[in-house]
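Peer 1: Here it is, the structure in full.
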Amino acid sequence: LSNILIIKDYIIFILMCGFIIFIKWLLGLLSIGFISYGTYYIVNKQDDISCANFDLGFIFGIISYILLLIGILFNFTIYHFRPILALGTLCLFGTLGYSGYMYFTISSECKELQKNTSSYDAFQYYLLALAITAFLLIVYYVTRFITNRRKRQIGNEY
Numbered sequence: 001l002s003n004i005l006i007i008k009d010y011i012i013f014i015l016m017c018g019f020i021i022f023i024k025w026l027l028g029l030l031s032i033g034f035i036s037y038g039t040y041y042i043v044n045k046q047d048d049i050s051c052a053n054f055d056l057g058f059i060f061g062i063i064s065y066i067l068l069l070i071g072i073l074f075n076f077t078i079y080h081f082r083p084i085l086a087l088g089t090l091c092l093f094g095t096l097g098y099s100g101y102m103y104f105t106i107s108s109e110c111k112e113l114q115k116n117t118s119s120y121d122a123f124q125y126y127l128l129a130l131a132i133t134a135f136l137l138i139v140y141y142v143t144r145f146i147t148n149r150r151k152r153q154i155g156n157e158y
């Protein structure tokens, strides 16, 4: 019976490791997509997004996603680059807070001006992408914590 429990623990551990890798790939793809998306809006729609300081939100988002992407890429190959991933995560949560603040405190004149352009919708999609990324990062860290704990439990059984 104890051998079956050990095998079950190994299977769960392997599945969780695969899930962590899947989340990293998904975060990497989101990062590349947002870096392209944000750069496009900063370069081509500067006049539309400057009224409400949405341009700063996009710039902070690009910086956060670049740090997150570097952290994810190096975390796949070099184990000691976790601080960059943590820094990218902190920057992303800060950007989410700042951009949410900018979105909810926009003046009524600027809001009416923004609604006539596509940049208001773009900023809403941007906030949605930040929220999804933040959720995936929370899931990543919780899963990694559980996996590390299970790894210690499996290692102590032998």
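Read left to right, the sequence shown gives residues 1 to 158 (the working numbering). Every residue, glycine too, gets a C-beta built ideally from N, C-alpha and C. Only a predicted model underlies this, so the values are computations on that prediction, with no experimental measurement involved.
Three-state secondary structure (DSSP) at Ile59?
Peer 2: Reduced to three states, the DSSP call for Ile59 is helix.
Peer 1: How big is the Cα-Cα spacing for Ser118 and Asp47?
Peer 2: So the alpha carbons of these two residues sit roughly 12 angstroms apart.
Peer 1: Could you pull out every residue in the same chain whose Cβ sits closer than 7 angstroms to the Cβ of Leu26, ignoring the five residues on either side in sequence?
Peer 2: If we look at Leu26 and ignore the five residues flanking it on each side, its Cβ neighbours are Leu136.
Peer 1: If distances are taken between C-alpha atoms only, which option among Ile72, Leu90, Ile106 comes closest to Leu29?
Peer 2: Out of Ile72, Leu90, Ile106, Ile72 has the C-alpha closest to the C-alpha of Leu29.
Peer 1: Which two residues bound the contiguous alpha helix (DSSP H) that contains Lys111?
Peer 2: Segment 108-115, the alpha helix (DSSP H) holding Lys111.
Peer 1: Looking only at its own chain, which residues have a Cβ that is under 6 angstroms from the Cβ of Ser31, when we skip the five neighbours before and after it?
Peer 2: Within the same chain, Ser31 has close Cβ partners Tyr65, Leu68, Leu69.
Peer 1: Report the three-state DSSP secondary structure of Ser118 (helix, strand or coil).
Peer 2: It is coil, neither helix nor strand.
Peer 1: Would Phe19 pass as a contact of Tyr41 if the rule is Cβ separation under 7 angstroms?
Peer 2: The answer is no: Cβ separation not under 7 angstroms.
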